[in-house]
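Beneath this line is the structure, given in structure tokens, with notes to follow.
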Amino acid sequence: MGQNVYNIYLTFPSDVKTADDKADIQKSIIRGETRGNFDEVLTTSESAIKYLFQQKRNEDGENDFSLDRVFLMVSNMVKGKVGFIPAITEKYNNFNEYTTHLDVLKHQMDKFYQEYFDEPITPKFSSDKILEEIDCGDDLDNTDQIGENIIKLCRRIVKYKETLQKEVQKDIKIKLYIDTTGGLRNAAMIFLIIGRIMSYLDIEVADVLYTSRSRGGSDKFGECTVNSIKDIYDLLDLISGFEEFLMFGSAKKLNDYYKPVDLSSQPSLSKDSLDDVLKGMEQFADAINISRRGDFENALRQLSQCLSKIDSEELTGSSFNHSLIRLLGEPIKKTYTPLVNESKDALSYVEWCLERDYIQQALTLFKECVPQFLVDNGIVIVDEEEFKLYLKKKDVDRDLRIIRRALNMWNKSQKPKILESESIGIDGLINWVKTEKLTSIKPDKSRNIYSTIDYVFNEISQQLISKFEGYINRRKNKLYSKLHHFVNKYIVDICELLSTIDEGNFDLEIRNKHIEEFFVRKNKELEDSLLHEIISCGFIPKLEKTSSIYQVISLTTEITKDPNSIQNINTLDSLIKEEFFNKNKAGFNRYNSNVVQLREVLETFDVRFLQSVFYNFLKSQIKYKSLFEDCFNVPDMFRYDFKKGLIEASGELYNMVPNVPGVTIVKQQKVSMPLVLKMLCYYFEIKKSRNDSNHARLEGSSQFKTANDIKEAMMECISLIRSLTKSV
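Under the numbering used here, read the sequence shown as residues 14 to 741, first letter to last.
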């Protein structure tokens, strides 16, 4: 064989048939051109092996063809004795009463190896170097055993391949020949599974053989006819190729299937029409991978036309191939062609990709289609001339900032300095450049509307992010004030409680009971109030035991029950602790707040006094941010409830809308503005995902981390866009 090509063979050996009177072996004759008495076979399994050698050496010209390894799936019956009686052993002196069915096959093939060709084939068929036997039992109903046998055989083949690779230390190619004739009645299905596994493991299924045997009369030989059924086996590739295209938009498997096929030999199908279908599918696969909308639409239209052409063609000759392609093409037509035949908008292509989980393709089309769709549908209105003038002004401002920085650096490091009083001062130069540049600006005609839209949405994105951050900061400050109102009331209620207890002269037990009941009720009320206000302001609560407000509530409870617990202030966050001392410098100015443990303070001040100082600190001195910053999270822009948050925030509704010169974001209906903002936030976050993917970033910048996150986000964004187009 050619260098580094190894042939392996797989079969279920068949049993030996004897005549009705058991006095002789039922022989068969191989139909074909086998010379001499080698056309006589004692087991059906001989036929396919002899046929294969005859085919390869004599017809295909592979004079050195041989089988490098033969894997036999051996049943219990084939391992067992045939039960030859003396009448048979006298005719066949190589056999005896102990001869097994497998022994007969080995003997017959060894003889063929030694005598049929001009030179003997070595090593012989029965050699341990060639033959591997795998026990498979006889239980057809034991699916676990069948599965184990499949895995066992596959592992043997893989081990053989790995051994070859180590020995040869070069790239090798293994060709597998399968005889599906003998063995269990489900042998063909077992070999089908094994063949698919081998293909997956990069072992080529070179041929699949089947031997049909007709039984002769009492004085006649039976007849064996060996057929290659590889073309039928390969139909699995054709079917899986159509399935692959339907599911993933890939034509690779179909092209692999038809590449070795002479299309002119397909009598039932015009070569041109089949070529056109394959070409149409391949072009569509390319368009899916590249994800350009124009290519996508053109390829889809061409594919639809090619499939229609197949349907309209008359059947001639054998119609199987034609009918099969028609049949397999139906689901593709139903899936793909509605996008061509029905009136669809640009977003339909994105939705179509999402339905089929083409996430990468959907991302690219989404980024390309959405801005133009928003402009085409009046959600975003662009005055090109005004917007391009705005961009030029931005360019000039950027250049002026560079000049100012450069001149400032010069003046810091060089002499003589460029002074304002001199002919070229910094401000004078800036004003001159600005005046000259801006008066000479003309809109850039080189930018077409499509590239302009990209710039438009970049500007909208930058402004939206900036405005959102400003809006959130304003909302935070309002929230801090509201939350502190609840804390202040909480402290006031505590002071009133202590005053009532002092006036009542309660004994210690009653006093402690009042305080305990108070804090059970008030701590719950405070927690509920904080939680409700955080949610109302559109933030995400994070009221954990480690948060600053919880620590303060806990300490307040402790020092109210026992003023001596004031020393536990050391358990608070260091910033709050330091703030406490800094706000009360008059009383604690000789203490270092970073190291003080309050022992010295306790020796100087009455603990009830320190208790009141702490209450007053919480009521009027503590910074709101340090107390509440870690008790909530800010939602991502796309998750923010603009409808609720902006309506409640008086005057904030239109302040959030990006204000880019030359760009108008629809404002006809106040109710639609939160949808616009949410849609834009989704779009820009999805765009980050697309950039993460395109630039193969190790760590993504987008909040959408999984394919399912991205898919759901695009579906939500498209839903928002469709809602807006109805209201504009």
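Beta carbons: idealized from backbone N, C-alpha and C, even for Gly.
Backbone secondary structure at residue i - three-state DSSP
i: ALA300; result: helix
i: ILE216; result: coil
i: LEU556; result: coil
i: SER225; result: strand
i: GLU146; result: strand
i: CYS366; result: helix
i: PHE11; result: Nothing about residue 11 can be read from this structure; the chain reaches only from 14 to 741.
i: THR176; result: helix
i: VAL676; result: strand
i: LYS94; result: strand
i: GLY235; result: strand
i: ASP722; result: helix
i: SER140; result: coil
i: LYS357; result: coil
i: VAL469; result: helix
i: LEU521; result: helix
i: TYR19; result: strand
i: MET86; result: strand
i: VAL171; result: helix
i: GLU53; result: strand
i: THR113; result: strand
i: ASP192; result: strand
Neighbour-count burial assignment, residue i, 16 or more Cβ in a 10 Å radius
i: LYS179; result: exposed
i: PRO133; result: exposed
i: ARG82; result: buried
i: ASN20; result: buried
i: GLN534; result: In the sequence on display, residue 534 carries Arg and not Gln. It is exposed - the Cβ of ARG534 has fewer than 16 other Cβ atoms within 10 Å.
i: ASP116; result: buried
i: ASP28; result: buried
i: LEU214; result: exposed
i: TYR628; result: buried
i: SER60; result: buried
i: SER587; result: exposed
i: ALA36; result: exposed
i: TYR111; result: exposed
i: GLY96; result: exposed
i: ASP520; result: exposed
Among the options, the one whose alpha carbon lies nearest that of residue i
i: SER361; options: GLU381, ASP269, VAL469; result: GLU381
i: THR559; options: ARG524, LEU387, LEU568; result: LEU568
i: PHE13; options: VAL565, LYS322, ASP654, ASN577; result: A question about residue 13 goes unanswered here, because the residues of the chain that appear run from 14 up to 741.
i: PRO671; options: ILE394, ALA726, LYS718; result: ILE394
i: PHE400; options: TYR371, ILE473, CYS366, MET422; result: ILE473
i: ALA200; options: PHE130, TYR696, CYS694, ILE163; result: ILE163
i: GLU748; options: ALA359, ARG411, LYS346; result: Residue 748 is absent from the model: the chain starts at 14 and stops at 741.
i: GLY391; options: ILE43, ARG652, ARG735, ILE42; result: ARG735
i: ASP467; options: TYR696, THR573, SER542; result: TYR696
i: ILE62; options: THR31, GLN39, TYR126, PHE593; result: TYR126
i: ILE723; options: TYR22, PHE138, CYS366, MET86; result: CYS366
i: LYS92; options: LEU65, LEU556, PHE78, ASP151; result: ASP151
i: THR2; options: LEU197, ILE42, TYR129, ALA32; result: Because the chain is modelled from 14 through 741, residue 2 falls outside the range shown and cannot be assessed.
i: SER512; options: LYS537, LEU556, ASN471, THR573; result: THR573
Same chain, Cβ closer than 6 Å to residue i, five either side skipped, listed in chain order
i: ILE547; result: PRO554, PHE645
i: ILE242; result: VAL221, TYR223
i: SER225; result: THR238
i: TYR173; result: ARG82
i: CYS319; result: ASP289, VAL290, GLY293
i: LYS217; result: Residue identity differs from the one stated: residue 217 is Glu in this sequence, not Lys. Hits under 6 Å: LYS188.
i: HIS120; result: ASN107
i: PHE255; result: LEU341
i: LYS632; result: ASN501, ILE504
Spatial neighbours of residue i in its chain, beta-carbon cut-off 7 Å, leaving aside the 5 residues before and after
i: GLN475; result: none
i: LEU316; result: GLY293, MET294, PHE297, TYR349
i: ILE8; result: Nothing can be reported for residue 8: it is not among the residues displayed for the chain, which extend from 14 to 741.
i: ILE181; result: The displayed chain sequence assigns Val, not Ile, to residue 181. Cβ within range, chain order: ASN17.
i: VAL608; result: The pLDDT assigned to VAL608 is 43, lower than 50, so where the model puts this residue is not dependable; a value taken from the coordinates is nonetheless given after this. Once the five neighbours on either side are set aside, VAL608 has no close Cβ partner at all.
Chain C contact for residue i (CB, 9 Å cutoff)
i: PHE651; result: Checking the listed chains, one finds no chain C in this structure; it contains a single protein chain.
8 Å CB neighbourhood of residue i in its chain, flanking five on each side removed
i: ASP250; result: LYS266, ASP269, TYR270
i: LEU539; result: PHE499, VAL500, TYR503, ILE566
i: ASN602; result: In this predicted model, ASN602 has a pLDDT of only 48, less than 50, meaning its place in the structure is not dependable enough to derive any value.
- Query: Hey, is the segment 477-497 in contact with the segment 629-648, meaning 3+ C-beta pairs nearer than 8 Å?
  - Reply: These segments touch.
- Message: Under 8 Å: do the segment 497-511 and the segment 693-703 share three or more Cβ pairs, one atom per stretch?
- Response: Under the three-pair Cβ rule at 8 Å, the segment 497-511 does not count as touching the segment 693-703.
- Mind the definition here: the segment 96-108 touches the segment 73-88 only if three or more C-beta pairs lie below 8 Å; say whether that holds. No: the two stretches stay apart, fewer than three of their Cβ pairs being nearer than 8 Å.
- Per the contact definition of three or more C-beta pairs closer than 8 Å, is the segment 199-210 in contact with the segment 157-175? Output reads yes: the segment 199-210 touches the segment 157-175.
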